[in-house]
Amino acid sequence: MNGQVLSLIVVLAGILLVPFGLRAVNGALPGAAVRDSYLPSVETPRPREPFDQQSAHAVRQAQPHYVVIGDSMAGIRIDPRQLSRLTNTAVVGLYQQGSPVAYWYLALKNLVVENDLKSIRGAVFFFRDDQLTTQVQVAPGSLDRVARDREPELDRMLAAEKLGNFSAVHRVARNAYQYDRTRVWLEPLINRWPAEIASPSDPADLLNAMNNEVFALAQLRKFDASDLAASTDDSLDFHANVEQSLLPEILRLAKAHGIRLAFIRVQRRPAADGPPQQSDALRKYADDLKAYLEANGAYYHDDWGDPEEPLSLYADGDHLTAAGRVRYTELFAQRHARFFQ
Amino acid sequence: MIFHSLDFLAFFVITLAAYWALPHRAQNVLLLVASYVFYGWVHAWWPVLLFVTTFVDYWAARKIADNSRPRDLETSRPQRKLWLWLSISANLGVLGFYKYFDFFVDNVAAAGASIGWNIPHVALRLALPAGISFYTFQSMSYTIDVYRGHAPARRSFIDIATFVSFFPHLVAGPIMRATNLLPQVEQPRRFDAAASRDATVLIVWGLFKKLVIADNVGVIANKVFALQQPEFYVLWAGVFAFAIQIYADFSAYTDIARGVAKWYGFDLIKNFARPYLASGPADFWRRWNISLSTWFRDYVYIPLGGSRRGPGRVAANLMITFLASGFWHGASWNYVLWGAYHGTLLVVTRWFSQAPSPKLEAATWRRLLQAAAMFALTCIGWLIFRETELSQLIADLQLSPADTTPLGRSTGLYLFLLVGAYSLPLWVHDLWAEFRGPDLVTAIERPEPTPSWPRVASQAALCGVLFAVILVLRSQTALNFIYFAF
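Pasting the structure below:
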């Protein structure tokens, strides 16, 4: 064989073979206790953050009638205490900034349905455009705080979604190289050492303060760059996406436990002279979604084009100002009073 | 289709296998079809625009050539000019329509409103086809080169279309010249295993820069630039993160493009030459986005008179060129401001460097000081580039290091160190190549005739380690290549 061809093969072999060293490194380092993932079809065993018992306990203590679930779109719109006062009910907000729909599903399942809430009546989800049916995949570890030891429905759904195209390649590579396991111990090391230099006395405190103070929701402005990408027309075929999404499972779960559901599509940032533009495809998607939800007994409301939500209510991106939040909660209680009866 | 997807890997392997099994002319047809598939992968209508641009330029170049016969060279000059302007207008028209129409309408409406006129607002909010700024400039330069007599007009539409659409560099450059890439399209190519081996190293290095460095520090930059009122140290840590992100991201694309092209037997030019080690503004622009800088130099700055007509005119030429370059990046005033900032830096340093410039062989410590100073100036430029709102930019520039909290200082230091850690391989590579050399990763032009086995072994180990690190530390937040937006 030509020497140059052989040298090319050697380099290609290096790419495929050297990462097997990760297995040896994983084995040599003690690391954290590895456990089977709650999503065994899509993740290798890895250490995990524990389920957030404190939050579950707090929700249980509050014994809410209603929960509001979502990411910053919900958090920046609804003040649960104000909504409690206005509707004369107990409302709890289960917000997680930047959380995927899978997180909302697990919050509903583990913090509401399976949390011994005796007087729960309903759950309200806030979402953007096509988020309910397109945001499927999740980053390893991002659901740890709301996931139990086994999450079979979610696992089945994610596995089914991954069956297409090259999921087998990912699965083989993940099992062969065990890189997920390396990531679990290596990434915290990388993130922690600068904290030990920047705040030698209490590095953990610095990391918490950064998350809870410096980068807290209230400190944020433009989400144009870090925001979820605006919908593209390609993802807007509702009927093609809905069965691969968690929406049917959320509806089934709520129905089985007598929990009424409300879905509120938030209005993206309006223009100075009116509501934000939306394509025909997005309009059709919203119509299809509404029909589907209502056929399944859920309450649906679309904020798009609401004259009571002008640009002046918005701080940045799709987020409202503090005063806008108060106004929105007020409007919300008035408009959806029926849901809270 | 994006380079760091398994879709692309499958596409690459399949087309490559077919490509080397075909004769030369069929290879070009395959490349053309593959390029259009690549470009239309997400939006099937994008290739239509690409085809129109290509056809207009092909046709205009043919017409220019038809009117360039020596016997009636003078009399046919107006016709040649007409065809040239048709080509330029078509390219800039398409670019202007998709990229700048809304910007123009928004600004006219805002200007009208400021004097009490209610001008109808007819913004189209069209999606910008990826890479349109790159391929229109490349395609247009072909007609200009034909007009100037630097390149002959080609008869083969397939060759021209392959030149314009060649998929490795279609979406984010480097912008290739007809004089460079077209002869490669026309010449028979042969598979070179040594070149492919070096290209593989370049591709893996590019993937590492994109997925591990750019995307991880990009998340930090996004977080900082999402803050309403960042403190001084936090803001500049974010700017540092963005400086690393844009360099790692854009140079990664170029590296992968060059590596992929090399597998098909093509040489694309180097687009980056360790820009953050530049000794000054002029040096920076010799190292950053080289294909675009030289494009503006050859097609804007020199036709304006270049450096030939006195200091005042040179300054004006530089400012015009950099304003245009800034505007090329996007339909937003901050890009124009960024261009003006770099133009001003060049004009000012030009005035100061009327005296003999420092020798390139200056002591290493002195070079490092120059590089550090230029990097600081570059970072100010990146703040302008990244910050799209003028009021926020002004607020950012007014921040004082004295007016900070202990948490702000600790957070700034934390982010700075984290970005430093992620970008360490990039700095090590660039410093080594700059001061010790040779550049073992990105220099792929001349592979040695027989394999040097220690070098091959180190390449295999390097690629394997980089791939392992990609698997483990690739960012969980996938960010688009920044220059896709331009």
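These protein sequence lines map, in sequence, to chains G and S.
Per my numbering, the first sequence runs over residues 10 to 350.
Per my numbering, the second sequence runs over residues -19 to 466.
Glycine included, every Cβ here is placed at the ideal spot set by N, Cα and C.
Quick caveat: nothing in here was measured; it's all calculated off a predicted structure.
Buried or exposed (CB count within 10 angstroms, at least 16 for buried), residue i
i: A552/S; result: Nothing in the structure corresponds to residue 552/S, since chain S is present only between -19 and 466.
i: S380/S; result: exposed
i: T430/S; result: exposed
i: H179/G; result: exposed
i: A328/S; result: Here the sequence assigns Val to residue 328/S, which means Ala is not the residue at that position. With fewer than 16 Cβ atoms within 10 Å of its Cβ, V328/S is classed as exposed.
i: F396/S; result: buried
i: F232/G; result: Only weak support is given to the placement of F232/G: the predicted model assigns it a pLDDT of 46, under 50, and the value that follows is read from those uncertain coordinates. Label assigned to F232/G: buried.
i: D282/G; result: exposed
i: A238/G; result: Residue confidence for A238/G is low, a pLDDT of 38 falling below 50, so the modelled location carries little weight and cannot support an answer.
i: V408/S; result: exposed
i: S235/G; result: Residue confidence is low: S235/G scores 32 on pLDDT, short of 50, so the model does not pin down where it sits. Its coordinate-derived value is still stated next. Flag for S235/G reads buried.
i: K61/S; result: exposed
i: T(-5)/S; result: buried
i: T385/S; result: exposed
i: Q167/S; result: exposed
i: K79/S; result: buried
i: T468/S; result: Beyond the ends of chain S as shown, which are -19 and 466, falls residue 468/S; an answer cannot be given.
Cβ distance (whole Å) where residue i is taken to contact residue j below 8 angstroms
i: G186/G; j: L257/S; result: Position check: residue 186/G holds Tyr in this sequence, whereas Gly was assumed. Wrong, their Cβ atoms sit about 35 angstroms apart, outside the cutoff.
i: Y394/S; j: P203/G; result: 5 angstroms
i: R278/G; j: G326/G; result: 6 angstroms
i: R454/S; j: V199/S; result: Not a contact, Cβ separation roughly 12 angstroms.
i: S254/G; j: L141/G; result: 6 angstroms
i: R389/S; j: Y213/S; result: 5 angstroms
i: Y402/S; j: N202/S; result: In fact, because the Cβ distance is near 14 angstroms, the residues do not count as touching under 8 angstroms.
i: V335/G; j: Q91/G; result: 7 angstroms
Residue interval of the beta strand (DSSP E) (run including residue i)
i: R269/G; result: R269 to R274
i: V199/S; result: That residue, V199/S, is in no beta strand (DSSP E); its alpha helix (DSSP H) goes D195 to V204.
i: Y75/G; result: Y75 to G79
i: G131/G; result: G131 to F136
Chain-ordered neighbours of residue i on chain S, where CB pairs are closer than 8 angstroms
i: L31/G; result: A448, L451 and V452
i: A22/G; result: A440
Under the three-state DSSP convention, the category residue i falls into
i: H328/G; result: strand
i: A238/G; result: Here A238/G scores only 38 on pLDDT, less than 50, and its place in the model should not be relied on; the value that follows carries that caveat. Coil, per DSSP.
i: L103/G; result: strand
i: I87/G; result: coil
i: Y309/G; result: strand
i: A71/G; result: helix
i: A280/G; result: strand
i: Y47/G; result: coil
i: L229/G; result: strand
i: L(-4)/S; result: helix
i: R60/S; result: helix
i: L152/G; result: coil
i: L207/S; result: strand
i: L172/G; result: Confidence at L172/G is low in this model, with a pLDDT of 47, below 50, so its placement is unreliable and the value that follows should be read with caution. Coil at L172/G, not helix or strand.
i: R277/S; result: helix
Proximal chain S residues relative to residue i, where beta-carbon distance stays under 7 angstroms
i: T191/G; result: V452
i: D175/G; result: Before going further, note that residue 175/G is Phe rather than Asp in the sequence given. By Cβ distance, chain S contributes L(-14).
i: D282/G; result: H101
i: V223/G; result: V214, L387 and T391
i: Y188/G; result: L451 and V452
Limits of the alpha helix (DSSP H) - the one that residue i falls within
i: D229/S; result: F212 to W243
i: Q468/S; result: Since the first and last residues shown for chain S are -19 and 466, residue 468/S lies out of range.
i: K293/G; result: D289 to A304
i: V184/S; result: A173 to F188
i: A382/S; result: Counting along the chain, A382/S falls outside any alpha helix (DSSP H), and DSSP gives it neither H nor E.
i: W25/S; result: Taken as a continuous stretch (DSSP letters only), W25/S belongs to no alpha helix (DSSP H), as it is neither H nor E.
i: L326/S; result: W313 to F332
i: V449/S; result: W433 to L453
i: Y114/G; result: V110 to L115
Distance cut-off 6 angstroms: residue i Cβ against heavy atoms of the ligand SAH
i: H328/G; result: Among the ligands in the structure shown, none appear at all, so the ligand SAH cannot be discussed.
Under 7 angstroms from the C-beta of residue i: neighbouring residues of chain G
i: Q225/S; result: Here the premise fails: no neighbours, minimum Cβ distance about 11 angstroms.
i: C443/S; result: V20, G23 and I24
i: S94/S; result: Chain G residues near S94/S: none, gap ~13 angstroms exceeds 7 angstroms.
Partners in chain G for residue i, counting only beta-carbon separations shorter than 9 angstroms
i: A401/S; result: I199, W202 and P203
i: L272/S; result: Within 9 angstroms Cβ-Cβ: nothing; L272/S doesn't reach chain G, min ~23 angstroms.
i: P58/S; result: The contacting residues do not exist; P58/S stays about 45 angstroms from chain G at best.
Neighbour list for residue i in chain G, Cβ cutoff strictly below 8 angstroms
i: T430/S; result: G12 and Q13
Within chain S, partners of residue i - CB distance below 9 angstroms
i: S46/G; result: Those do not exist, as S46/G stays about 15 angstroms from chain S at its closest Cβ, beyond 9 angstroms.
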